[in-house]
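Student: When you read off a place in the sequence shown, starting at 1, and then add 4, the result is the number in my numbering.
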Amino acid sequence: MRVATIPCLNDNYAYLLIDDDNRGVVIDPSEAPPVEAALEREGVELSAIWLTHHHYDHVGGVQALVETHGPLPVLGSAYDMEHGRIPCQSRGLSEGDTLDFAGLPVELLEIPGHTLGAIAYVVDGCVFSGDTLFIAGCGRVFEGTMPMMQTSMAKLRALPASTRIYCGHEYTQKNLEFAQNIEPDNAAIDARTRWANELRAAGETTMGGLLGDELDTNPFLRWDAETVISRAQRDGADADPGAVFGAIRKAKDRF
Ligand SMILES: [Zn+2]
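1. Among residues of its own chain, excluding the 5 on either side of H173, which ones have a beta-carbon nearer than 8 Å to its beta-carbon?
2. For ligand 1, any of its heavy atoms closer than 8 Å to the Cβ of H87?
3. Using 9 Å as the threshold, is the C-beta distance between R198 and A140 below it?
4. Any heavy atom of ligand 2 closer than 8 Å to the Cβ of D61?
5. In this structure, does DSSP put N16 in helix, strand or coil?
6. Name the DSSP beta bridge partners of F146, please?
7. Is the separation between the beta-carbon of L120 and that of E147 shorter than 9 Å?
8. Between which residues of its own chain and M153 is the CB-CB distance below 6 Å, once the five residues before and five after are set aside?
9. Check whether the Cβ atoms of V262 and W54 sit closer than 9 Å, and answer yes or no.
10. Look at the alpha carbon of S34 and the alpha carbon of P75, and state the distance between them as a whole number of angstroms.
11. On the DSSP bridge assignment, give the partners of P37 in chain order.
12. Since S133 is in the beta strand (DSSP E), which residue starts that stretch and which ends it?
13. Per the DSSP calculation, W260 is bridged to which residue(s)?
14. Might you give, ordered along the chain, the residues of its own chain that have their beta carbon closer than 8 Å to the beta carbon of A239, omitting 5 neighbours on each side?
15. Apply the 10 Å Cβ neighbour rule to T56 and answer buried if 16 or more other Cβ atoms are within range, or exposed otherwise.
16. Counting pairs of Cβ atoms below 8 Å between the stretch 185-193 and the stretch 216-232, do you hit three or more?
17. Is the CB-CB distance between L214 and R168 below 9 Å?
18. State yes or no: is the C-beta of A8 within less than 9 Å of the C-beta of A36?
19. Let me know the secondary structure DSSP gives L50 once reduced to three states.
20. Could you check the C-alpha separation between L203 and M211 for me, to the nearest Å?
21. If I follow the unbroken beta strand (DSSP E) through D104, where does it start and stop?
22. For G80 versus G96, is the C-beta spacing smaller than 9 Å?
23. By the DSSP assignment, the alpha helix (DSSP H) with I31 in it spans what residues?
24. My understanding is that V126 touches L113, with C-beta atoms under 8 Å, so please give their C-beta distance in whole angstroms.
25. Can you say whether F182 is buried or exposed, counting buried as having 16 or more other CB atoms within 10 angstroms of its CB?
26. Going by the C-beta, is G148 closer than 8 Å to any heavy atom of ligand 1?
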């Protein structure tokens with residue numbers, strides 16, 4: 005499996021998964037034209053569309069792609085299908101459902117919090133995490149609760165450290181500024197900042213970053229780190245993971 009990262013809108017990413025027969029699945033096409041350009045550039049025939057959640061800056065290109073290449077399987081969560089909020093959705097997925105891509109098993113994780121229908125796709129050592137886990141950060145909690153989002157982040161944290169993260173937005177540098185504010189003495193965050201700055205200065209994305217590096221640097225995965233707990237406690241939280249996560253998320257909302 006090959007992954008092509010497709011910049012869309014201002015700071016969104018769609019992803020094209022490509023198999024050996026040059027057939028491809030697109031994840032979160034917020035708009036069609038950059039996806040069409042990527043299909044052409046890579047010489048790939050579109051075979052399905054997978055969505056992580058229903059927000060417009062993830063599904064905005066679905067209808068146009070189906071009109072051009074359809075009919076295509078359009079996959080999203082069972083919750084989003086019940087609520088009819090993903091255009092052209094043909095199948096609703098739940099955790100434990102099995103999919104495959106190019107003969108590889110695809111694991112489905114339900115990760116509610118940012119939205120109640122949020123899901124992640126795990127395939128070939130990569131996780132497509134939508135707006136839940138970002139590199140060095142996480143999405144806003146719009147529909148769920150803080151403990152719910154923390155439970156979802158815990159599911160993602162339990163993936164192998166070698167997992168590569170492909171998320172919905174290039175927010176990495178801003179996220180690292182916040183991480184530094186939470187843990188000013190964490191040298192791993194300084195190193196991660198240099199890593200991100202070098203990639204961005206070279207015009208490259210930070211997508212594909214390793215989960216192992218996130219464990220040392222992402223404050224939203226570090227609810228059991230001493231420094232993060234004491235910061236949350238200064239904001240009045242107790243040491244419960246959901247409360248620590250919630251305090252840090254609220255601090256980011258104000259940052
Ligand atoms: Zn979103």
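Glycine is no exception: its CB is placed at the ideal position from the N, C-alpha and C atoms.
Tutor: From the atom records:
1. Closer than 8 Å at the Cβ level, and outside the excluded window around H173, lie D15, N16, Y17, D135 and F138.
2. False, no ligand heavy atom lies under 8 Å from that Cβ.
3. Against a cut-off of 9 Å, the Cβ pair of A140 and R198 comes out as no contact.
4. Looking for ligand 2 in the displayed structure turns up nothing; the ligands present are ligand 1.
5. Three-state DSSP puts N16 in a strand.
6. Listed as beta-bridge partners of F146 by DSSP are no residues whatsoever.
7. Against a cut-off of 9 Å, the Cβ pair of E147 and L120 comes out as a contact.
8. Within the same chain, and ignoring the five residues on either side of M153 in sequence, the residues whose Cβ sits closer than 6 Å to its Cβ are G117 and V145.
9. The structure shown does not extend to residue 262, since the chain is modelled only from 5 to 259, so the question has no answer here.
10. Looking at the backbone, the Cα of S34 and that of P75 are separated by about 18 Å.
11. Paired residue(s): none; P37 is not in a bridge.
12. It spans C130 to G134 - the beta strand (DSSP E) in which S133 sits, taken as one unbroken run.
13. The requested residue 260 does not occur in the structure, where the chain is confined to residues 5 to 259.
14. Here the sequence assigns Asp to residue 239, which means Ala is not the residue at that position. Same-chain partners within the cutoff: A251, K254 and A255.
15. With 16 or more other Cβ atoms within 10 Å, it is buried.
16. As far as the Cβ criterion goes, the stretch 185-193 touches the stretch 216-232, which means the pair count is three or higher.
17. Taking the C-beta atoms as reference points, R168 is found nearer than 9 Å to L214.
18. No, these two residues do not count as a Cβ contact at 9 Å.
19. Of the three classes helix, strand and coil, the one that applies to L50 here is strand, per DSSP.
20. The straight-line gap from Cα to Cα measures roughly 10 Å.
21. The continuous beta strand (DSSP E) containing D104 extends over residues L103 to F105.
22. Yes, these two residues count as a Cβ contact at 9 Å.
23. I31 -> not in any alpha helix (DSSP H); beta strand (DSSP E) instead, spanning R27 to I31.
24. Their Cβ separation, rounded to whole angstroms, is 7 Å, which keeps V126 and L113 in contact under 8 Å.
25. Buried is the label assigned to F182, since at least 16 other Cβ atoms lie within 10 Å of its Cβ.
26. No, since every heavy atom of ligand 1 falls outside the 8 Å radius drawn around the Cβ of G148.
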